[in-house]
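Numbering (this note's numbering), first residue to last: 1 to 388.
Using N, Cα and C, we set each Cβ at its ideal position, and we do this for glycine too.
For reference, the structure discussed in these notes is given below.
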């Protein structure tokens with residue numbers, strides 16, 4: 001039996017390669033050896049398959065079909081059944097290439113700036129041309145729409161006008177009086193009075209310190225001793241009933257001032273429609289028994305003033321007068337204007353609310369507004385120097 005086993009072992013060893021027999025022998029020999037250190041197994045050589053060539057080097061066979069185009073697998077050509085098999089298939093990613101970004105150089109920036117300036121200039125030119133065209137067409141359209149005839153309103157400028165001091169205004173009036181005759185210094189006062197109220201009328205009289213510059217012709221209605229006083233004082237016309245009858249018959253007057261005594265006043269009213277503004281008035285000082293003083297005042301420059309439409313117009317002397325004389329005349333008139341202020345005018349101070357504006361001008365010259373402060377100063381100066 002042992003011989004049969006040995007023979008079987010030998011028959012099996014013939015089938016095993018020698019390398020395996022040696023390793024097997026060493027393995028069995030380790031059991032019979034006293035050395036327990038294991039021996040490292042031999043390194044087996046490894047062989048790899050050859051590296052395939054890149055796809056670019058491979059030539060497709062002549063009978064091969066062309067690769068399918070991207071349009072062949074568009075979503076419109078695929079059915080629901082096709083999507084069922086293709087949903088798990090790997091998707092092909094198409095590479096995307098972008099243009100290279102280059103940082104701008106200094107010379108590039110200059111060119112861009114010049115181009116930008118040129119574009120701005122061109123755009124401004126185009127806008128200007130468009131505005132001109134629109135303006136022309138707008139004018140044409142407005143001319144078509146405006147009926148004929150039409151009233152064009154004058155545009156008023158809201159610029160503030162310069163207000164002058166009294167002395168400076170008189171100098172300006174003198175400088176602008178360039179006519180070939182001696183012009184009159186005129187004052188135009190705009191009052192803050194309701195012209196619809198007759199109880200707030202303004203009227204009065206004042207003797208100008210330096211006169212009006214005019215030759216005044218005075219008529220006196222008086223008889224007896226009063227008539228003799230009037231002739232002695234320099235009256236031009238003196239009479240009683242005969243003078244009244246002459247004026248009533250002719251309807252004409254040839255004098256500038258009219259004075260009457262209290263006894264003659266009742267008869268003078270018969271020709272009041274002819275005398276009009278020259279009718280003697282006690283407020284103006286032309287109805288008095290002191291006829292001589294009244295005639296002298298009239299000859300010296302008695303100035304009567306009356307408001308018309310809330311405006312007072314008076315002449316205060318000739319432009320040829322000295323500046324000091326004209327200032328004194330203006331101060332006398334302003335003082336008389338304050339004395340004639342209506343008592344029923346409420347909510348006003350001395351000037352505010354009563355005198356709205358005060359202008360000076362020559363007969364044919366421009367007007368100059370005067371400050372209220374300089375007018376008040378001139379009036380106060382006249383009151384100080386006026387003889388009592």
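Got a sec, what are the start and stop residues for the alpha helix (DSSP H) residue i sits in?
| i | result |
| --- | --- |
| residue 253 | Note, residue 253: premise wrong, no alpha helix (DSSP H); not H, not E. |
| residue 228 | 225–233 |
| residue 333 | 323–339 |
Residue i lies in the beta strand (DSSP E); which residues open and close that run?
| i | result |
| --- | --- |
| residue 304 | 302–306 |
| residue 318 | 311–318 |
| residue 237 | 237–239 |
| residue 219 | 218–221 |
Do residue j and residue i count as a contact pair if the criterion is CB distance below 8 Å?
| i | j | result |
| --- | --- | --- |
| residue 198 | residue 340 | no |
| residue 321 | residue 210 | yes |
| residue 173 | residue 365 | yes |
| residue 449 | residue 291 | An answer regarding residue 449 cannot be provided, because it is not within the stretch 1 to 388 covered by the chain. |
| residue 379 | residue 335 | yes |
| residue 207 | residue 297 | yes |
| residue 195 | residue 369 | no |
| residue 373 | residue 331 | no |
| residue 338 | residue 346 | no |
| residue 183 | residue 319 | yes |
| residue 200 | residue 317 | no |
| residue 247 | residue 280 | no |
Can you check DSSP and say which residues form a bridge with residue i?
| i | result |
| --- | --- |
| residue 368 | 360 |
| residue 355 | 191 |
**OP:** State whether the region 249–260 contacts the region 176–192, with contact taken as three or more CB pairs (one from each stretch) at a distance under 8 Å.
**Re:** no
Original post:
Quick one: any contact between the region 205–215 and the region 224–242, if contact means 3 or more CB pairs under 8 Å?
Top reply: no
**OP:** Say whether the region 171–187 touches the region 358–365, bearing in mind that this needs 3 or more beta-carbon pairs closer than 8 Å, one atom from each stretch.
**Re:** yes
Original post:
Should the region 299–313 be called in touch with the region 163–171, which here means at least 3 C-beta pairs below 8 Å?
Top reply: no
**OP:** Indicate whether the contact test is met: 3 or more Cβ pairs, each with one atom in the region 272–292 and one in the region 307–326, closer than 8 Å.
**Re:** no
Subject >> Length-filtered (3 minimum) beta strand (DSSP E) runs lying within the region 256–296 >> reply: 257–260
Original post:
Taking only runs of the alpha helix (DSSP H) that begin and end inside the region 162–216, which ones reach a length of at least 4 residues, in chain order?
Top reply: 166–176
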